[in-house]
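Asks:
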Amino acid sequence: MAKKMRCYKCDGTLERTKDKVEVLEGSGLFEETEVFKCGKCGEVLLDSDQIKALRKKTDVLKIRRKLGISGNALVLRIPKDLQKFYGLEEEDFVEIIPINKHRFIVEVA
Ligand SMILES: [Zn+2]
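Per the working numbering, the very first residue in the sequence shown carries number 947; after that it's consecutive.
The structure is reproduced here in structure tokens:
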């Protein structure tokens, strides 16, 4: 039997349950997923498997875009929805962080 997990806030007992969790902070998009919830204060915690499962659900926010070209550089256009969601405007800086040969992250600075 698994050890009882304790809430870091109030030391109450965490129980495995289902709850609605925002798939991306501030997105207003909620999904029901498995979490650990404190029976005392209601704090919700996710373990790494639960976080992975939730990440899969953020796939709904994925967008496929065709690269454009400007001079010698390739241009990735950011759709209006994302622009608004992240509060991006012209002249703002973002960071491009290479992860591997198939992936990089565009981080809002
Ligand atoms: Zn608690």
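Note that beta-carbon positions come from the ideal geometry of N, C-alpha and C, so glycine has one too.
Using the beta-carbon count (16 or more within 10 Å), is V1021 buried or exposed?
Replies: V1021 is exposed by the Cβ-count criterion.
Asks: Any idea if V1054 is buried or exposed, counting beta-carbon neighbours within 10 angstroms, 16 or more meaning buried?
Replies: By the 10 Å Cβ count, V1054 comes out exposed.
Asks: Determine whether the beta carbon atoms of L960 and V969 lie at a separation below 7 Å.
Replies: No, these two residues do not count as a Cβ contact at 7 Å.
Asks: Taking C-alpha atoms, which residue in R1010, I997 and E971 lies nearest to L1031?
Replies: Here residue 1031 is Phe; the residue named in the question, Leu, does not match the sequence. Of R1010, I997 and E971, the residue nearest in Cα terms is E971.
Asks: For R962, which residues from the same chain have a beta carbon less than 7 Å from its beta carbon, with the 5 sequence-adjacent residues on both sides left out?
Replies: Excluding sequence neighbours, R962 sits near E980 and F982.
Asks: Terminal residues of the continuous beta strand (DSSP E) containing A1019?
Replies: Its beta strand (DSSP E) spans residues A1019 to V1021.
Asks: When DSSP labels each residue in this structure, what does D1001 get in the three-state scheme?
Replies: In the sequence as presented, Asp is not what sits at residue 1001; that position holds Arg. DSSP places R1001 in helix when its eight states are reduced to three.
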